[in-house]
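When you line the sequence shown up against my numbering, it's residues -7 to 298, in that order.
Cβ atoms here follow ideal geometry from the backbone N, Cα and C, with glycine treated the same way.
Just so you know, these numbers come straight off a predicted model, no measurement behind them.
Notes follow once the structure below has been shown.
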Amino acid sequence: MGETRFEAAPPLPDWINAEFPFSRRVFCNGPHRMHFVDEGSGPVVLLQHGNPMWSYLWRRVIARLIPGGVRVIAPDLIGLGLSSKPAATTHTLDFHANQLTALVAALQPGPLTIVGQDWGGPIVGLLAARNPDWVRGAVFANTSLSQPRKPPRVTPFHRFANIPIASDIAFRIFNFPLPVLHKVQGDPDSLGAARKRPYRWALRRFADRTAPLALARMVPTQLQHPTVALMGEVEQWATTFAGPVRLVWGMRDPILGRSLHKTRELFPQAPVTETVAGHFLQEEVPMQLAEAILGVVSSTVTAAAR
């Protein structure tokens, strides 16, 4: 790890600020710069998005959390949003967990309620596995936390991402998968053209479009994939975690909707909120997500007071 410091966040266009009026900073960790929201005060909630989004995805959830008396930390994954954009070979599950760990270590915010969706689930899960004393509660949404034990079932999206040249052209030149994100939603209008605009803006430069393909290729396509062993750490933590957990799931998600079954097996006591949302349920059911998060926070506060 190199020198670390905090800097002011870069400005956003007025049309984004209007919906995203939160306090933001940048964490500099050696060559990497991680943009993050840091808003509110109280018990700390760590929100981690996945591919190809950024912290803006949580805006409607954050707006409902802050009145509940919590502090929200919502980073942009390195390679996405307003964070730095390194080379494709940089992107591994281990790298992203280490970057998030460095941010939390620098902030020293106290006990966490972790929240992860898509790649955010394994990333906060690996952070928790390696720093179990940091985490008091968890909420997971449309993600996967289980280690594959047989050749993984590869979705058409991830199969395409591993086709050389064709996938590079689609992701780098045509900004894939942004043009088709509405197809993974329960309500396609929830990520219609206007709603996609902030996500397109964050990846508007050709040179900045490395991460979406690299993150897609982080999904295991065979048992020898380097992500598989790391998912073992995540699963082991999940099966032994004794704090409160809630699951919120978009059942119309064609990518990870079916992963609810395995996630339930990891947390058999966790309340589950099944919704008609799709993959990016932050855009469709922010109230249900916020309610689940505040419920877990309340449980952690009660437990700490005993």
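Where does residue i land, buried or exposed, given buried means 16+ other C-beta within 10 angstroms?
i: Arg128; result: buried
i: Ile161; result: exposed
i: Ile157; result: exposed
i: Ser76; result: buried
i: Met210; result: buried
i: Leu215; result: exposed
i: Val29; result: buried
i: Gln100; result: exposed
i: Phe12; result: buried
i: Trp7; result: exposed
i: Ile106; result: buried
i: Ile155; result: exposed
i: His253; result: exposed
i: Glu225; result: buried
i: Gln261; result: exposed
With DSSP as the reference, label residue i as helix, strand or coil.
i: Leu39; result: strand
i: Thr267; result: strand
i: Arg197; result: coil
i: Thr255; result: helix
i: Ala262; result: coil
i: Ala282; result: helix
i: Glu275; result: helix
i: Gly249; result: helix
i: Arg192; result: helix
i: Thr213; result: coil
i: Arg244; result: coil
i: Glu(-1); result: strand
i: Arg298; result: coil
Using a C-beta cutoff of 9 Å, does residue i count as contacting chain D?
i: Val211; result: No chain D appears in the structure shown, which is made up of a single protein chain.
Which value, in whole angstroms, describes the spacing of the CA atoms of residue i and residue j?
i: Ser15; j: Ile70; result: 19 Å
i: His271; j: Val289; result: 24 Å
i: Ala1; j: Phe19; result: 9 Å
i: Thr232; j: Phe198; result: 43 Å
i: Asp110; j: Asp179; result: 18 Å
i: Leu183; j: Ala121; result: 33 Å
i: Gly61; j: His174; result: 33 Å
i: His217; j: Ser136; result: 16 Å
i: Ala130; j: Gly108; result: 8 Å
i: Gly32; j: Ile58; result: 6 Å
i: Leu104; j: Pro236; result: 12 Å
i: Ala79; j: Gly113; result: 23 Å
i: Pro169; j: Thr219; result: 22 Å
i: Leu4; j: Ile65; result: 18 Å
How close, in whole Å, do the beta carbons of residue i and residue j come, if the pair is a contact with beta carbons under 8 Å?
i: Leu239; j: Arg250; result: Not confirmed; about 14 Å, so no contact.
i: Asn227; j: Leu258; result: The residue you asked about is not Asn; residue 227 is Glu in the sequence shown. 7 Å between Cβ atoms; contact.
i: Phe163; j: Leu205; result: 4 Å
i: Gly287; j: Thr267; result: Not really, about 15 Å apart at Cβ, beyond 8 Å.
i: Ala94; j: Thr(-4); result: 7 Å
Inset, instruction - Kindly provide the ranges of any beta strand (DSSP E) runs that are 3 or more residues long and lie completely inside the segment 83 to 115, ordered along the chain. - result: Listed in chain order, they are 104 to 109.
Legend entry - Contiguous alpha helix (DSSP H) assignments of at least 4 residues, all confined to the segment 105 to 179: Runs of the alpha helix (DSSP H) inside the segment 105 to 179: 112 to 122, 148 to 153.
Legend entry - Continuous beta strand (DSSP E) assignments of at least 3 residues falling wholly in the segment 8 to 79: Here the runs fully enclosed are 16 to 21, 24 to 32, 36 to 40, 63 to 67.
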